[in-house]
Amino acid sequence: MALRVYNTLTRTKEPFQTVAPGKVGMYVCGPTVYSNSHIGHMVGPVIFDTVKRYLAYLGYKVSWVVNITDVDDKLIVQAQKDGTTVKDLAERVTADYLDCLKALNVTGIDHMPRATEHIGDIIAINQGLIDKGFAYASGGDVYFDVSKADSYGKLSHRDPEELQAGARIEPSSLKRNPGDFALWKASKPGEPSWESPWGPGRPGWHIECSAMSLKILGQHFDIHGGGLDLVFPHHENELVQSESFTGVPFASYWMHNGLLTREGRKISKSDPDTIVLMADLLGEYEPDAIRLLLLSSHYRRPIDYGPTRLAEIARSLQTFHHAFDRFEELTGERFDALEAPTRRHDREGDESAEVKEHRRGFLDAMDDDFNTGGAVGELFEIVRILNRTAAGLTPDSPSHELIEYRAGMTALKELSNLLGLFGKLPDKKQAGGDALTGDLMSLLIELRARLRKEKHYALADEIRNRLTGLGVVLEDGPEGTRWRVEPKR
RNA sequence: GGCGCCGUAGCCAAGUGGUAAGGCAGAGGUCUGCAAAACCUCCACCCCCGGUUCGAAUCCGGGCGGCGCCUCCA
Numbered sequence: 001m002a003l004r005v006y007n008t009l010t011r012t013k014e015p016f017q018t019v020a021p022g023k024v025g026m027y028v029c030g031p032t033v034y035s036n037s038h039i040g041h042m043v044g045p046v047i048f049d050t051v052k053r054y055l056a057y058l059g060y061k062v063s064w065v066v067n068i069t070d071v072d073d074k075l076i077v078q079a080q081k082d083g084t085t086v087k088d089l090a091e092r093v094t095a096d097y098l099d100c101l102k103a104l105n106v107t108g109i110d111h112m113p114r115a116t117e118h119i120g121d122i123i124a125i126n127q128g129l130i131d132k133g134f135a136y137a138s139g140g141d142v143y144f145d146v147s148k149a150d151s152y153g154k155l156s157h158r159d160p161e162e163l164q165a166g167a168r169i170e171p172s173s174l175k176r177n178p179g180d181f182a183l184w185k186a187s188k189p190g191e192p193s194w195e196s197p198w199g200p201g202r203p204g205w206h207i208e209c210s211a212m213s214l215k216i217l218g219q220h221f222d223i224h225g226g227g228l229d230l231v232f233p234h235h236e237n238e239l240v241q242s243e244s245f246t247g248v249p250f251a252s253y254w255m256h257n258g259l260l261t262r263e264g265r266k267i268s269k270s271d272p273d274t275i276v277l278m279a280d281l282l283g284e285y286e287p288d289a290i291r292l293l294l295l296s297s298h299y300r301r302p303i304d305y306g307p308t309r310l311a312e313i314a315r316s317l318q319t320f321h322h323a324f325d326r327f328e329e330l331t332g333e334r335f336d337a338l339e340a341p342t343r344r345h346d347r348e349g350d351e352s353a354e355v356k357e358h359r360r361g362f363l364d365a366m367d368d369d370f371n372t373g374g375a376v377g378e379l380f381e382i383v384r385i386l387n388r389t390a391a392g393l394t395p396d397s398p399s400h401e402l403i404e405y406r407a408g409m410t411a412l413k414e415l416s417n418l419l420g421l422f423g424k425l426p427d428k429k430q431a432g433g434d435a436l437t438g439d440l441m442s443l444l445i446e447l448r449a450r451l452r453k454e455k456h457y458a459l460a461d462e463i464r465n466r467l468t469g470l471g472v473v474l475e476d477g478p479e480g481t482r483w484r485v486e487p488k489r
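For the first sequence, the positions run 1 to 489 when our numbering is used.
Here's what the structure looks like:
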């Protein structure tokens with residue numbers, strides 16, 4: 001199966017074809033940095049990070065841009081509230097954003113341009129649009145004249161007439177048509193401002209994305225992504241101004257991810273309960289749980305989350321962690337140290353037929369518009385197969401059996417990598433501390449083994465229970481007792 | 001009102017024409033002194049009503065219900 005991608009422009013899944021052979025340019029709208037990230041800000045990055053991983057796996061050379069909008073009304077208001085400057089606020093919030101991306105293993109971003117670094121480009125587009133008759137200056141502002149672009153509305157599939165009718169008309173408006181939008185805004189005293197042919201001012205909301213995408217990815221690139229809520233007006237406006245400016249098609253594929261709700265409620269600044277900062281969430285749940293939550297259904301569907309849901313996901317993650325521990329016991333290798341293929345290959349390795357089948361299932365799901373939900377299901381199938389195999393193995397099993405088992409694990413590594421999962425596993429044995437902890441645990445386990453041998457079960461069980469209370473889990477198996485520190489839930 | 005999305009087990013969720021992946025929870029079992037882990041088994045009249053078809057969760061029509069966007073929310 002070949003990759004197909006749902007395109008908001010055409011409202012269909014289309015075969016994926018790039019502008020330039022073997023290369024993909026991808027632009028995703030990043031945050032306006034006026035307040036620290038909540039989980040909603042992470043949906044796009046995690047999804048498109050996964051998209052990039054898969055495209056790279058298919059052999060494309062991907063250039064991924066996520067912008068930082070660091071000048072905007074909201075920043076101005078917030079900076080005033082905080083008694084700081086727009087610049088300092090933007091820097092602080094951007095740093096938080098980067099921390100969150102790193103925690104969630106979003107590693108694929110190639111460029112992170114700031115709007116304020118592209119003022120010159122923005123002014124040039126303004127001028128170009130005025131020269132071509134698509135925009136006009138009015139009282140120090142510059143507006144895009146939507147009546148001049150007959151394709152306006154093609155992304156959000158809206159009738160330009162109705163957009164006009166429904167638009168808010170401000171009494172003091174300098175607009176010719178109610179639907180016109182600002183490309184450049186005259187600045188008031190005290191606001192960040194730049195010199196321009198129309199006087200001191202700052203960029204409008206949509207223009208910075210056009211400037212940065214055209215600059216870095218060129219006039220016609222492959223994928224433009226963002227949240228579903230950005231389709232209109234942001235992307236519609238970005239699209240019309242870009243194509244009006246360049247005269248060529250802008251992005252080939254528009255991909256929009258679904259939005260997140262918290263326990264059924266829309267995440268919104270006016271409903272403070274719904275806002276949970278990423279920094280807090282990361283203190284409570286392992287990053288893989290958050291990443292898996294976001295990838296456990298199809299990216300275009302809305303996702304609801306809450307403590308119950310996250311705990312459930314974290315629980316299901318344990319299956320993998322246990323399997324990785326078992327793998328280490330049997331082979332002496334750590335799962336996260338396995339070298340797995342980073343390119344798609346249809347020659348198959350030494351893994352079992354069953355693993356091969358689910359590996360194919362995983363890739364088929366990804367080919368179908370990045371169906372990560374279906375792919376995750378295949379991952380669970382594979383881990384079950386490997387656990388079944390492991391149950392019949394010892395470190396001294398015949399080498400062909402261990403080779404097949406290891407090949408299955410390698411396939412699991414290859415696939416989970418595509419989802420950005422299990423990249424950095426906690427070092428179980430050392431999670432509780434240093435070598436001394438290990439020695440103490442060995443001592444405790446040895447003494448307990450003696451108790452068990454002498455059938456002092458009450459005391460042996462008390463030791464185990466009290467360790468559980470400390471977050472240390474003991475498991476008695478045929479080959480002895482193993483221990484591990486349970487990750488936070 | 002306009003443009004869309006969605007309704008699959010207690011919960012989450014894949015599946016878009018051939019008779020229902022997976023996860024969590026639950027039940028039974030194997031193993032175990034017990035527990036845990038792991039494995040095995042079980043758990044779905046696919047919102048309702050019509051229609052098309054040899055055959056529909058899947059296509060069409062009509063309901064009912066939930067949700068998003070409609071000028072600065074990721």
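Even glycine gets a Cβ: it sits at the ideal position worked out from N, Cα and C.
1. Let me know the secondary structure DSSP gives Asp156 once reduced to three states.
2. CB-CB under 7 Å to Asp145, same chain, minus the five flanking residues each way: which ones, in chain order?
3. Once DSSP output is grouped into helix, strand and coil, what is the label at Asp304?
4. Report buried or exposed for Thr274, applying the criterion of at least 16 other Cβ atoms within 10 angstroms of its Cβ.
5. How is Pro287 classed by DSSP in three states: helix, strand or coil?
6. For the region 367-377 against the region 387-402, do three or more pairs of beta-carbon atoms, one drawn from each stretch, fall closer than 8 Å, so that the two count as touching?
7. Taking C-beta to C-beta, are Leu415 and Phe362 nearer than 8 Å?
8. DSSP puts Ala251 in a beta bridge; with which residues?
9. Give me the Cβ distance between Asp407 and Leu330, rounded to the nearest whole Å; I'm assuming they're in contact under 8 Å.
10. Measure the Cβ-Cβ separation of Val24 and Ile223 and say whether it is below 8 Å.
11. Is Asp88 buried or exposed, if buried means 16 or more other CB atoms sit within 10 Å of its CB?
12. For Asp73, tell me which candidate among Leu425, Leu228, Gly201 has the shortest Cα-Cα distance.
13. Check whether the Cβ atoms of His157 and Tyr97 lie closer than 8 Å to each other.
14. If Ile39 sits next to Ile290, beta carbons under 8 Å apart, how far is it from one beta carbon to the other, in whole angstroms?
15. Considering only residues of the same chain and omitting the five flanking positions on each side of Arg482, which have a CB-CB separation below 8 Å?
16. Relative to the alpha-carbon of Asp229, which residue among Lys215, Phe221, Gln219, Gly258 has its alpha-carbon at the smallest distance?
17. Which residues bound the beta strand (DSSP E) around Asp476?
18. Going along the chain, which residues of its own chain have a beta-carbon closer than 8 Å to the beta-carbon of Arg53, five neighbours each way excluded?
19. Comparing alpha-carbon positions, which option in Val77, Ile385, Val142 lies nearest Ala186?
20. Arg464 to Thr437, Cα distance in whole Å?
21. So, Pro307 versus Ala103, is the Cβ gap smaller than 8 Å?
22. Which residues bound the alpha helix (DSSP H) around Tyr54?
23. Thinking just about the alpha-carbon of each residue, which of Ser210, Phe250, Leu293 is nearest to the one in Arg262?
24. Measure the Cβ-Cβ separation of Asn121 and Lys215 and say whether it is below 8 Å.
25. What did DSSP end up calling Ser532 once you bin it into helix, strand or coil?
26. Between Val383 and Ala311, how many whole angstroms is the CB-CB distance? I'm expecting something under 8 Å.
27. Just the Cα atoms here: how many angstroms apart are Gly44 and Arg448?
28. For a test of the three-state rule: what should DSSP assign to Arg176, helix, strand or coil?
29. Nearest to Trp194 by alpha carbon, out of Gln219, His118, Leu451, Phe422?
30. Where does Glu208 land, buried or exposed, given buried means 16+ other C-beta within 10 angstroms?
31. Can you name, in chain order, every residue of its own chain whose Cβ lies under 7 Å from the Cβ of His206, other than the five neighbours on each side?
32. So Pro184 and Gly153 are in contact, right, with Cβ under 8 Å, and what is the actual spacing, rounded?
33. Would you kindly work out how many angstroms separate the C-alpha atoms of Ser210 and Val355, rounded to a whole number?
34. Between which two residues does the alpha helix (DSSP H) holding Phe380 run?
35. Relative to the C-alpha of Pro110, which residue among Tyr27, Glu191, Ser151 is closest?
36. Going by DSSP, name the residue or residues bridged to Pro192.
According to the data block:
1. In the sequence as presented, Asp is not what sits at residue 156; that position holds Ser. Ser156 sits in coil when the DSSP states are folded into three classes, being neither helix nor strand.
2. Result list for Asp145: Phe134, Ala135, Tyr136, Arg176, Asn177, Asp180, in chain order.
3. Asp304: strand per DSSP, three-state reduction.
4. With a 10 Å radius around the Cβ and a threshold of 16 neighbouring Cβ atoms, Thr274 comes out buried.
5. Assigned with DSSP and collapsed to three states, Pro287 falls in helix.
6. No, the region 367-377 does not touch the region 387-402.
7. Contact check for Leu415 against Phe362 passes: the beta carbons are separated by less than 8 Å.
8. Ala251 pairs with Phe221.
9. According to the sequence shown, residue 407 is Ala rather than Asp. Incorrect: roughly 13 Å between the Cβ atoms, too far for contact.
10. Taking 8 Å as the cut-off, the beta carbon of Val24 is found closer than this to the beta carbon of Ile223.
11. Label assigned to Asp88: exposed.
12. Closest option to Asp73, Cα to Cα, is Gly201.
13. Against a cut-off of 8 Å, the Cβ pair of Tyr97 and His157 comes out as no contact.
14. Sure, about 7 Å apart at Cβ, within 8 Å.
15. Excluding sequence neighbours, Arg482 sits near Asp325, Glu329, Leu474, Glu475.
16. Residue Gly258 is the option with its Cα nearest to Asp229.
17. Per DSSP, the unbroken beta strand (DSSP E) holding Asp476 starts and ends at 472-477.
18. Excluding residues up to 5 positions away in sequence, Gly108, Asn417, Leu418, Leu419, Gly420 lie with their Cβ nearer than 8 Å to the Cβ of Arg53 in the same chain.
19. Ala186 has its Cα closest to that of Val142, out of Val77, Ile385, Val142.
20. Their backbone Cα atoms lie some 16 Å apart in a straight line.
21. Not a contact, by the Cβ cut-off of 8 Å.
22. DSSP places Tyr54 in the uninterrupted alpha helix (DSSP H) bounded by 40-57.
23. For the residues Ser210, Phe250, Leu293, the minimum Cα distance to Arg262 belongs to Leu293.
24. According to the sequence displayed, residue 121 carries Asp and not Asn. Pairing Asp121 with Lys215 gives a Cβ-Cβ distance under 8 Å.
25. Residue 532 lies beyond the range of the chain shown here (1 to 489); nothing can be said about it.
26. The Cβ separation is near 20 Å, so there is no contact.
27. Rounded to whole angstroms, the gap between the alpha carbons of Gly44 and Arg448 is 50 Å.
28. Reduced to three states, the DSSP call for Arg176 is coil.
29. With distances taken between Cα atoms, Trp194 lies closest to His118.
30. Counting Cβ neighbours within 10 Å, Glu208 comes out buried, since at least 16 surround it.
31. Answer for His206: Phe181, His234, Asn237, Glu238, Gln241, listed in chain order.
32. Looking at the sequence shown, residue 184 is not Pro but Trp. Here Trp184 is actually not in contact with Gly153; their C-beta atoms are around 23 Å apart, not less than 8 Å.
33. If I take the Cα positions, the gap works out to 45 Å.
34. From DSSP, the alpha helix (DSSP H) with Phe380 extends over 372-391.
35. For the sequence presented, residue 110 should be read as Asp rather than Pro. For the residues Tyr27, Glu191, Ser151, the minimum Cα distance to Asp110 belongs to Tyr27.
36. None; Pro192 has no bridge partner.
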